[in-house]
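Mapping to UniProt numbering: the sequence shown position 135 is 135, numbers consecutive.
Inspection log for the structure reproduced underneath, given as structure tokens.
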Amino acid sequence: MSPLSQAEDRRSEVLTRRKALQLLEADSTNPFIRSEEQRHPWSVDPIQTLHCPLLHGPLLRVWDSKSGRQPEGDNRMLSRSPDQRLDTEQARKTSLVIHLDHKVRESTPYISFTKSPSAIEEIVAWRSTKRGAQTLTVIDPNVRLNNGLPIVDVVAEMQHYGIQDPYNKGNRYYIDHYVCLWEVTKEEIVDHYEWEELAKRAKWYEEIIMPDFRRFSRRNVLAPTRTSASNMSTMIESLPSKSLSYTGSYMQS
């Protein structure tokens with residue numbers, strides 16, 4: 001099989017908890033050397049997600065025709081590097097530095113979201129005159145975490161890895177900023193909204209987004225997730241040996 005065909009096959013594979021763990025965990029033959037994932041986990045701890053409250057609101061992303069991470073035909077959103085390994089400190093720090101500086105146009109395994117409606121309004125105000133029509137995508141982080149797919153708190157990781165704000169604004173642009181690793185699956189997506197229609201209501205977030213999010217969340221409470229329904233035994237077997245302390249990869253309400 002050609003490299004191009006192999007790449008296409010990988011793109012057709014939906015991200016799973018197993019694949020996420022493979023991309024996070026280093027292949028080490030020395031049991032006495034702790035991997036970066038063991039030192040600073042980005043993987044989702046299934047026991048913690050069962051017992052800790054998850055974010056009670058949606059994650060938001062605005063995009064346009066020039067954005068590099070748009071929904072695919074099957075309603076997935078792929079990062080520009082959907083198979084990039086994040087199993088070393090250097091890989092994580094370097095890729096985050098690139099992703100957070102919008103002047104650098106290199107591929108990364110991250111898809112940015114915010115939980116702040118005002119941040120979305122600021123982005124749209126800046127982009128709309130330069131880049132045309134904007135679309136808002138809303139996802140349910142609870143579905144993502146329950147499926148074992150990582151979400152990373154950007155400010156927490158900037159502090160952990162000593163990453164400087166490229167704009168010298170005291171991390172202002174990264175407050176309430178989260179990144180989904182590699183891919184957003186269709187199960188997580190609440191809906192897509194044309195900003196021109198949303199903006200007709202001053203309280204677009206309270207009157208449109210939150211009611212839709214609550215309905216979506218209620219439906220998913222009744223429906224088993226991929227992890228809980230069919231992969232529980234695999235999930236338990238592959239549990240990393242780490243504590244249940246907060247690492248920055250879980251979002252708190």
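From the three backbone atoms N, C-alpha and C, an ideal C-beta is built for every residue, glycine too.
What you are looking at is a predicted structure, and each value in this text was computed from that prediction instead of being measured.
Own chain residues within Cβ distance below 7 Å of residue i, not counting five before or after
{"i": "S28", "result": "S35"}
Cut-off 6 Å between Cβ atoms - residues of its own chain near residue i, not counting five sequence neighbours on either side
{"i": "D165", "result": "N171"}
{"i": "K19", "result": "none"}
{"i": "A26", "result": "S35, D87"}
As assigned by DSSP and simplified to three states, the class of residue i
{"i": "T129", "result": "helix"}
{"i": "L41", "result": "First, the amino acid is wrong: residue 41 is Pro here, not Leu. Looking at P41 - three-state DSSP - the assignment turns out to be coil, as it is neither helix nor strand."}
{"i": "Y193", "result": "strand"}
{"i": "L24", "result": "helix"}
{"i": "E188", "result": "helix"}
{"i": "E121", "result": "helix"}
{"i": "E183", "result": "strand"}
{"i": "P46", "result": "helix"}
{"i": "V62", "result": "strand"}
With 16 other Cβ atoms within 10 Å as the buried cut-off, status of residue i
{"i": "F213", "result": "buried"}
{"i": "T129", "result": "exposed"}
{"i": "D153", "result": "buried"}
{"i": "K103", "result": "exposed"}
Terminal residues of the beta strand (DSSP E) in which residue i lies
{"i": "S112", "result": "110-114"}
{"i": "T137", "result": "135-139"}
{"i": "I98", "result": "No beta strand (DSSP E) contains I98, which is instead part of the alpha helix (DSSP H) from 89-100."}
Range of the contiguous alpha helix (DSSP H) that encloses residue i
{"i": "R215", "result": "210-222"}
{"i": "Y174", "result": "Taken as a continuous stretch (DSSP letters only), Y174 belongs to no alpha helix (DSSP H), as it is neither H nor E."}
{"i": "V154", "result": "154-161"}
Candidates the options: closest to residue i by CA position
{"i": "Q134", "options": "F113, P141, V124", "result": "V124"}
{"i": "V14", "options": "V143, E187, V44, V62", "result": "E187"}
{"i": "A119", "options": "Y205, F216, S67", "result": "Y205"}
{"i": "I175", "options": "I208, T114, A26", "result": "T114"}
{"i": "V143", "options": "P31, K66, F216, K19", "result": "F216"}
{"i": "A199", "options": "L24, H56, P71, V62", "result": "V62"}
{"i": "L78", "options": "M210, P109, V190", "result": "P109"}
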